[in-house]
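Visitor:
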Amino acid sequence: MTEHLTIVDHPLIQHKLTLMREVDTPTAVFRQCLREISQLLAYEITRNLAMTTRRIQTPLQEMDAPELAGKKLALVSILRAGNGLLDGMLDLVPSARVGFVGLYRDEETLEPVEYYFKVPEALEDRLVIAVDPMLATGNSSAAAIDKLKEAGARNIRFMCLLAAPEGVARMKEAHPDVPIVTAALDSHLNEMGYIVPGLGDAGDRMFGTK
Ligand code: URA
8 MTEHLTIVDH
18 PLIQHKLTLM
28 REVDTPTAVF
38 RQCLREISQL
48 LAYEITRNLA
58 MTTRRIQTPL
68 QEMDAPELAG
78 KKLALVSILR
88 AGNGLLDGML
98 DLVPSARVGF
108 VGLYRDEETL
118 EPVEYYFKVP
128 EALEDRLVIA
138 VDPMLATGNS
148 SAAAIDKLKE
158 AGARNIRFMC
168 LLAAPEGVAR
178 MKEAHPDVPI
188 VTAALDSHLN
198 EMGYIVPGLG
208 DAGDRMFGTK
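Take the sequence shown: its position 99, counted from the start at 1, is 106 in this note's numbering, and no numbers get skipped.
#1: Cα-Cα, which of A151, E115, V126 and L67 is closest to K1?
#2: Can you tell which of P33, H17 and I44 has its C-alpha closest to the C-alpha of V138?
#3: So is L56 buried or exposed if we call it buried at 16+ other beta carbons inside 10 Å?
#4: Starting from the Cα of E74, find the closest Cα among P66, R62, I85 and A81 and give me that residue.
#5: Considering only heavy atoms of the ligand URA, list every residue whose Cβ is less than 5 Å from one of them, following chain order.
#6: Could you name the residues that DSSP lists as bridge partners for Y111?
#7: Measure the alpha-carbon distance for I85 versus G91 and round it to whole angstroms.
#8: Given 6 Å as the limit, tell me if A158 has its C-beta closer than that to any heavy atom belonging to the ligand ATP.
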């Protein structure tokens, strides 16, 4: 991917995103739309994967047929809301390996602290797609990508549902080599760090917590 930010403005994505944004949308509809949008975003973010060919036999003749090259993709969920993007992505890429990064913000230092980190082996040989639905300040996403790079990842993409300009700028500064794919770029962050107009707390809405 060459663009730093790709906004996937496909009508189906935008229609489903509107349903997700609405305050009264039930949890089940929110989850179903999230799953479907992640499938569509996964389609876009994997568009230019490396390919090779394999000699196969069709019922009619032999041919050199295209297939994905290299090691299986690694999808890495940034806990906890990132988990909501996994199912839809795994619908499309069922053999992908899956990792998890958990970070919280230290109340005193305001620095991200890692509480969980488990990723597939040979990260350096895989395309790594880090997922988190809301790119807000960008601090936790940038910190998660720091950790992935420390673990050896060299080819990383970031997929989210909504991005704020502040988060995109933070990621561009910290990780200019990591392309971002999102369904929408919203207006700004409010004083609480929520994306506006946004959809509220993505984790609470997908898991039905408050
Ligand atoms: N995280 C969320 O879940 N929502 C926002 O608006 C910002 C960060």
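Each residue gets a CB set at the ideal place from its N, CA and C atoms; glycine is no exception.
Guide: According to the structure data:
#1: There is no way to answer for residue 1, as the model of the chain reaches only from 8 to 217.
#2: Residue I44 holds the alpha-carbon nearest to the alpha-carbon of V138 among P33, H17 and I44.
#3: Exposed, because fewer than 16 other Cβ atoms sit within 10 Å of the Cβ of L56.
#4: Looking at the Cα atoms, R62 is the closest of the given residues.
#5: Here the residues come out as M141, A143, Y201, I202, G205, D208 and A209.
#6: Answer is V120.
#7: Rounded to the nearest angstrom, the two C-alpha atoms are 10 Å apart.
#8: This structure simply doesn't include the ligand ATP; it includes the ligand URA instead.
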